[in-house]
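Have a look at the structure below before the remarks.
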Amino acid sequence: MKKYLCTLLFLSLLAPIYAIGFEALSSSGYAPYRHQPEQASSLEDVFVFYGIDAASLRFVCEQPALCQWRSDKAALTNEQQSTDEQASILSNLQANTVYIVQYESQEYACYVVDYQLNPLQYGSLSAVTDAIDIATSLQLNLAYCSDDLSYRGLNGKSYTIEREHRLTYVDAVWAEDDRQYRDEEKEMLNSGYISSLVLDAPKQDVSFCLQGDQFLRYWNLPLAETRCDYEAVSIETHAVAKLLKNEEEGLSLTGSAPLEVAFYSYANPATDYCIWYIYTTPGSEEEYLYRNEEDIEYTFYHSGTYTVKLKASNDTCEDSVSFSITVTESSLDCPNFFTPRSTPGENDEFRVAHESLIEFHGRILNRWGNLLFEWTDPDLGWDGTFQGKAVNPGVYFYVITATGSDGIKYVKRGDINLIE
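Structural data, given as structure tokens:
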């Protein structure tokens, strides 16, 4: 008895397990596209065929002979229906039709669409070039676009299968790491019927390509396509200001006069003109110099805060970047000792502390008035030598004259102790 039960269990495991539902077939070589219908439609499936002539439906179930087919249109003939071991089969289908199977007191419904009755077609694609917001956005108009596919539910309502459209183009995108514009492929996806598209204004001349839809892509058929070229007008500029003395960068820079600053512009490919405006009066933008160059260098000699502005433009749009450059007020201080040989690496030279000096002259004298060292660059200093030889420790004298960027005149006299 136990052996008999085990045999029955084994045979039951070998028995096929059927997942009740619809399958769609086509001998055209293009597999039907299966769409998940809206729940309110009460349909199990929607099938999109590429040509209905070679189409058929299968309803998979355990007892196919019990299936009864009908449609919401013409009556079905016996010649349309057949069975195999796993399914009830319906052939000679009609497009835009609901097919219903009654099986074991339940009804199952699906809908059949023929794509060839409403293939995707595009009209011409064109850019709107006179919009007021053309600097930031671009509108593309589509002269014609086929309607979306649709199906009908058991409730009699119509539902839409939105087509998928893909717009592609190559735009210039700013790369901050290496400070240049790079070509980058852009993609914009849209679903449903379209008559226009709005996107960020391209930064270089582009060729737009609009393609669709998901059905043609699924069947690996040539996509519907329309193209147009566009000459970019949107301006986007980046710029860098750098102190030549220490290579510090920023939108706001501070240093002492004479303050040498390099300015670099990085404008997008749609730019025709780059003009630098250097406002020469601190705190004012009334008086200025301008340079019609991409990169410039300028030296600020007088204290105050200055504005430097880059304007990038073409005949339609412009963009700008501003910098604030502060030249500090002048100052001059002198130390009273230094240790050129006793503490190597520390306080090895007699150097002045200064800010914004535009003229400088310094002399080092011994007690008899002999000149030991003379210099005109305030960033330099005396290392305690004369003609290449170290002088003796003791008291020496300095005489320094200077002029600040703010017009202040300096005369400094004093003694300096050389300590070992």
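Residue numbering for the sequence shown follows my numbering, starting at 108 and increasing by one per position. By construction, the Cβ of each residue, glycine as well, lies at the ideal position given by its N, Cα and C atoms.
Contact check for SER363 and VAL434: beta-carbon distance about 7 Å, within the 8 Å limit, so the pair qualifies.
DSSP lists no beta-bridge partner residue for THR446. If you draw a 10 Å sphere on the C-beta of TYR337, you find 16 or more other C-beta atoms in it, and that means buried. In this structure, DSSP gives ALA242 a state outside helix and strand, which the three-state scheme calls coil. Under the three-state reduction of DSSP output, GLN228 falls in the coil class, being neither helix nor strand. The beta carbon of GLY521 sits closer than 8 Å to those of CYS441, ASN443, PHE504, TYR505, all from its chain and outside the five residues before and after it, given in chain order. Looking from the CA of GLY491, the closest CA among GLY514, LYS516, ASN454 belongs to ASN454. Residue pairing by DSSP puts ASP152 in a beta bridge opposite CYS217. Distance between ALA216 and TYR325, taken at the CA atoms: about 24 Å.
In this structure, LEU323 sits away from LEU256, with a CB-CB distance that is not shorter than 9 Å.
Between VAL277 and GLU291, the C-beta gap is smaller than 9 Å, which places the two residues in contact. With the rule of 3 Cβ pairs closer than 8 Å, the stretch 407–423 counts as touching the stretch 380–396.
Checking the DSSP bridge columns, you'll see PHE322 has no partner listed.
Taking VAL167 as reference, the option from TYR157, TRP475, THR190 with the minimal CA-CA separation is THR190. Secondary structure at TYR408: coil, using DSSP grouped into helix, strand and coil. Of the residues assessed, PRO451 falls on the exposed side of the cut-off, its CB having fewer than 16 other CB atoms within 10 angstroms.
Contiguous beta strand (DSSP E) elements confined to the stretch 130–180 occur at 140–142, 152–156, 162–167, 175–178, taking only those with 3 or more residues.
Counting along the chain, ASN199 sits inside no beta strand (DSSP E), nor does DSSP assign it H or E at all.
Three or more Cβ pairs closer than 8 Å define a contact, and the stretch 393–401 falls short of that threshold against the stretch 339–353. Around the beta-carbon of ASN499, fewer than 16 other beta-carbon atoms lie within 10 Å, marking it exposed.
The C-beta of LEU164 has 16 or more other C-beta atoms within 10 Å across all chains shown, which makes the residue buried.
Per the coordinates, the alpha-carbon of ILE432 lies some 20 Å from the alpha-carbon of ALA419. Comparing alpha-carbon positions, the option among SER178, SER372, ALA242, ASN203 lying closest to GLU214 turns out to be SER178. In chain order, TYR288, LYS310, GLN311, ASN375, PRO376 place their CB closer than 6 Å to the CB of ALA279, counting only its own chain and leaving out the 5 sequence neighbours on each side. Between THR446 and GLU343, the C-beta spacing is not below 9 Å. A distance below 7 Å between beta-carbons, with the five flanking residues on each side excluded, links ALA172 to the following residues of its chain, in chain order: THR190. Here the alpha carbon of ASP284 sits roughly 41 Å from the alpha carbon of GLU269.
The stretch 195–215 makes no contact with the stretch 230–241: fewer than 3 CB pairs, one atom from each, lie closer than 8 Å.
As DSSP reads the structure, LYS516 sits in a beta bridge with THR510. Within 10 angstroms of the beta-carbon of GLY476 lie fewer than 16 other beta-carbons, which makes it exposed. In the three-state reduction of the DSSP assignment, GLU186 falls in the helix class, which pools H, G and I. Burial state of GLY488 is buried, judged by a 10 Å Cβ sphere holding 16 or more other Cβ atoms.
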